[in-house]
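Note sheet for the following structure.
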Amino acid sequence: MLKEIEQLLPLQEIDQEIYSLRSRLNEFPPQIEALVQEIESIQRQVKDRLNALEKNKIQHKELELELGKKESDLKKHQAQLFQVKTNKEYSALQEEIAKLKEEISSLEDKILDLLDKMETEESEVKNFSLQSEKKIGHIKEKIDSLKQEKNRMEARIEELSEKRKELASAVDPKLLEHYERILEHRGGIAISPVGKDGVCGGCYRSLPPQVLNELMLGSKLIHCETCGCILYYREE
Ligand SMILES: [Zn+2]
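Each residue of the sequence shown is one higher than the one before, counting from 13 in our numbering.
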């Protein structure tokens, strides 16, 4: 095997791992962001439901106030019954009293319905909040494990980069530059094996027979004309 290939192969192995780690690393931020958004959406739902409960409470307070006012009006009117002078005034007052009593009874019904609704909704919201807390807990665990995985990968990349530096220092700078250009262009693969079948391992195209012959001789660097990879012969 050519000395150049012997030098580049271990480098290629490391670079390939670095490339695949980096491409995986790129997936982390959107994944984490999506999970954070999931948490925010759950929190918003809980907040909306708590707000709805608050609205019920306000409505309840308003109804109680209205009821109190009507009850005091009723008392006032009932007291006035003893003070009116004419029959006409008396029956007008009685009519007013009957109307108030009806309104009071309908208000009382409304309040009871609302209290019922509040009780149901409060227990539903309590359940929903508990479930939401659990869900959020799970999502936070997922985020933590993604972050840990990310840290591990970053540490591995650092480790590989150190090794790479060492290996790269032994390679002729011009060849290294050439190799790195192909590497960047081809997304992490610059060297491809070619077997007896004469197929390039980088692009899976067949090489002309005389190129395969030259490769088997192993006397100079040969590139694939299709994908640009540096080729080497590897018996399967
Ligand atoms: Zn090729």
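C-beta: ideal position from N, C-alpha, C; glycine also.
What three-state label does DSSP hand S204 in the structure shown?
It is a strand residue.
Measuring straight from C-alpha to C-alpha, what distance separates S103 and E120?
Those two C-alpha atoms are separated by around 25 Å.
Note down the Cα distance separating L233 from L14, rounded to an integer number of angstroms.
Their backbone Cα atoms lie some 8 Å apart in a straight line.
Return helix, strand or coil for Y191, following the three-state DSSP convention.
Helix at Y191.
Touch check for the segment 58-74 and the segment 197-217: three-plus C-beta pairs under 8 Å?
Because the criterion of three Cβ pairs below 8 Å is not met, the segment 58-74 and the segment 197-217 do not touch.
Where does V9 fall in DSSP's three states?
With the chain running from 13 to 248 in the structure shown, residue 9 is simply not present.
Assign L20 to one of two classes, buried (16 or more other C-beta atoms within 10 Å of its C-beta) or exposed (fewer than that).
Burial call: buried.
Tell me, which residues are paired with V249 by DSSP?
For residue 249 there is no data in the structure shown, the boundaries of the chain being 13 and 248.
What would DSSP say about L233, mapped onto helix, strand or coil?
Looking at L233 - three-state DSSP - the assignment turns out to be coil, as it is neither helix nor strand.
For I201, does the count of other Cβ atoms within 10 angstroms reach 16, so buried, or fall short, so exposed?
Counting Cβ neighbours within 10 Å, I201 comes out buried, since at least 16 surround it.
Should Q55 go down as buried or exposed, given a rule of 16 or more other Cβ atoms within 10 Å for buried?
Under this definition Q55 is an exposed residue.
Where do the N-terminal and C-terminal ends of the beta strand (DSSP E) with L14 fall, by residue?
Note, L14: premise wrong, no beta strand (DSSP E); not H, not E.
By the 10 Å Cβ neighbour count, where 16 or more other Cβ atoms means buried, how is Q95 classified, buried or exposed?
Under this definition Q95 is an exposed residue.
Taking all protein chains shown into account, do 16 or more other C-beta atoms lie within 10 angstroms of the C-beta of I26, making it buried, or fewer, making it exposed?
That one is buried.
Indicate, with yes or no, if ligand 1 has a heavy atom lying under 8 Å from the CB of S204.
Within the cutoff, so yes.
Buried or exposed: which applies to L77, given that a residue is buried once 16 or more other Cβ atoms fall within 10 Å of its Cβ?
The residue is exposed, with fewer than 16 neighbouring Cβ atoms inside 10 Å.
Look up L249 in the DSSP assignment and say whether it is helix, strand or coil.
For residue 249 there is no data in the structure shown, the boundaries of the chain being 13 and 248.
Assign K87 to one of three DSSP states: helix, strand, or coil.
Three-state DSSP puts K87 in a helix.
With a cut-off of 8 Å, do at least 3 Cβ pairs link the segment 117-132 to the segment 61-75?
Yes, the segment 117-132 is in contact with the segment 61-75.
Below 8 Å, is the gap between the Cβ of G210 and the nearest heavy atom of ligand 1?
Not so, every heavy atom of ligand 1 lies at least 8 Å from the Cβ.
Using the C-alpha atoms, what's the distance from K162 back to N225?
Approximately 45 Å, taken between the alpha carbons.
To the nearest angstrom, how far is it from the Cα of S231 to the Cα of K159?
Distance between the alpha carbons of S231 and K159 is about 48 Å.
Just the Cα atoms here: how many angstroms apart are G240 and S218?
Cα to Cα, G240 sits roughly 13 Å from S218.
Taking G210 and R198 to be in contact with their CB atoms under 8 Å, please state how far apart those CB atoms are, rounded to whole angstroms.
So it is not a contact: roughly 20 Å between Cβ atoms.
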